[in-house]
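One rule links them: number in the numbering used here = place in the sequence shown (from 1) + 3. Notes for the one structure printed next.
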Amino acid sequence: MKRILALLITALCSMLAHAGEVKVAVAANFTTPMQQIAAQFERDTGHKAVLAFGATGKFYAQIRNGAPFDVLLSADDETPARLEKEGLAVPGTRFTYATGRLVLWSAREGYVDAHGNVLRRGEFSHLAIANPKTAPYGAAAVQTMTKMGVMPALKSRIVQGENISQAYQFVASGNAEVGFVALSQVYSNGRLTGGSAWYVPGNLHDPIRQDGAILAKGNGNPAATALMAYLKGAKARSIIKSYGYQL
4 MKRILALLIT ALCSMLAHAG EVKVAVAANF TTPMQQIAAQ FERDTGHKAV LAFGATGKFY
64 AQIRNGAPFD VLLSADDETP ARLEKEGLAV PGTRFTYATG RLVLWSAREG YVDAHGNVLR
124 RGEFSHLAIA NPKTAPYGAA AVQTMTKMGV MPALKSRIVQ GENISQAYQF VASGNAEVGF
184 VALSQVYSNG RLTGGSAWYV PGNLHDPIRQ DGAILAKGNG NPAATALMAY LKGAKARSII
244 KSYGYQL
């Protein structure tokens, strides 16, 4: 028993000695899943993931200006590819960690119908979306309304959040009756967590492929490498799937 205890203490000390820290820029739509993954990642590996959440477009600008992030978990697949081309992401580390889904959501039960016809009726004053210039979910919302032919009628009612988290807050607080948000924000364990929603068909907007990559500042950081491997593992994938993402 003493020998087993000594081995366990040695293993724990070894893990703590090699534990590191990885600074991660995380797309706002992935906030809750990543918080859960980071906690599990630290328990399993000893490495600590320090998370910052925001709009992908803003992270891109910050990374180009020297922000000290080791890893980017983007809301699109274009930004990590661009950073790799510019020498700011490590070649060969980029992969799609999730494919997002866009939903039209209201905090009110029964307000949004199953086909999104609430947009055509236009019986609301405010429609929240994320900034389409910096947030891929915002761009997908604009594409959806354009393809539906409702954009001209709704343009004056749109309120833009800096990112998808702010767009969600506009709707959750009642400041906007309805809004386009990420499914992961209103979905958990296989069901809608409240309100009413239209699950936007994928053919109404470009695919929301969310890629991650190790950034140049994270090159050689064992914690960054470990996190990317962890995101491909069964525990992380189970969490990601539970929030409605496709894998």
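Using N, Cα and C, we set each Cβ at its ideal position, and we do this for glycine too.
By the 16-neighbour rule on beta-carbons within 10 angstroms, serine 128 is exposed. Within the stretch 133-208, the beta strand (DSSP E) runs of at least 3 residues that lie entirely inside it are, in chain order, 161-164, 181-185 and 199-202. For glutamine 213, the enclosing beta strand (DSSP E) has its first and last residue at 211-217. With 16 or more other CB atoms across the displayed protein chains lying within 10 angstroms of its CB, arginine 104 is buried. Residue range 121-124 is occupied by the alpha helix (DSSP H) that includes valine 121, with no beta strand (DSSP E) assigned at that position. Assigned with DSSP and collapsed to three states, phenylalanine 98 falls in strand. The stretch 51-68 and the stretch 172-185 do not touch, with fewer than 3 CB-CB distances between them shorter than 8 Å.
Here alanine 31 carries a helix assignment [DSSP, helix/strand/coil].
Restricting attention to beta strand (DSSP E) runs no shorter than 3 residues, the stretch 61-109 encloses them at 74-76, 98-103 and 105-109, ordered along the chain.
Here phenylalanine 56 carries a strand assignment [DSSP, helix/strand/coil]. Taking all protein chains in view, the Cβ of serine 159 is surrounded by fewer than 16 other Cβ atoms within 10 Å, so the residue is classified as exposed.
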